[in-house]
Amino acid sequence: MKPNTTAALAQPVKVWDPFVRLFHWSLVSCVLLNQFVLEAGETAHEWTGYLASALVLARVVWGFIGSRHARFADFFPTPGRLLRHFAALRQGRHPQYAGHNPLGALMMLALMAIVLALGVTGWMQTTDAYFGEEWLMELHAWLANGLLIAAGLHGAAAIVMGRLERVNLVRAMVTGVKQPY
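In my numbering, the protein residues as written are 67 to 247.
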């Protein structure tokens, strides 16, 4: 059995520390504000984007020094972990993981990479060298739309996998505890 894998969650398991939960919901807030509330190009939009990037950078640091299930070593989606996970799913098994499953980990890393790419492309648009560059504005918009799609898939997968694994994953990201039902 792998370190992050459990045969079944028979009892509640504390997985997400306060920093991880604060990071997650703060990043969700930044994304929602920048996508649906704040005006693109305005100061509040820019600073919310910088905050989102800073949150991701802090999470990267926490991935090396944080609590057990926050550390990348606990869940990094290696090819072997991904292949074992896919094989289990193909066999109709739904292994339970104390932390992220390999696909969830891959999505988390992709989401963080997109947020950082948005931060960089957003910042570039404020510089003299790239101000008003159409290709950069389009890239930034594509990244923003890609982030929404990826975040939607992430949320849907959390609900579906939670039902398959019989664990409320959304509640776990609020309370920090994975609890079987």
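Built from N, CA and C at the ideal position, the CB exists for glycine as well.
Nearest to residue 84 by C-alpha distance, out of 77, 232, 92, is 92.
Judged by DSSP secondary structure, residue 194 falls outside any alpha helix (DSSP H); it is assigned neither H nor E. Under a 10 Å Cβ-count criterion, residue 118 is classified as buried, with 16 or more other Cβ atoms of the shown protein chains found around its own Cβ.
Within a 10 Å sphere around the beta-carbon of residue 188 sit 16 or more other beta-carbons, which makes this residue buried.
Per DSSP, the beta bridge partners of residue 246 are 233. When the Cα atoms are used, residue 242 and residue 112 turn out to be separated by approximately 31 Å. Per DSSP, residue 160 lies in no alpha helix (DSSP H) and is assigned neither H nor E. When the beta-carbon positions are compared, residue 166 and residue 135 come within less than 9 Å of each other. The secondary-structure analysis by DSSP pairs residue 126 with nothing; it has no beta-bridge partner.
DSSP places residue 240 within a helical segment (H, G or I) once states are collapsed to three.
Measuring C-alpha to C-alpha distances from residue 145 to each of 169, 130, 164 identifies 169 as the nearest. The continuous alpha helix (DSSP H) containing residue 86 extends over residues 84-98. Membership of residue 138 in the alpha helix (DSSP H) is indicated by the continuous run 138-141.
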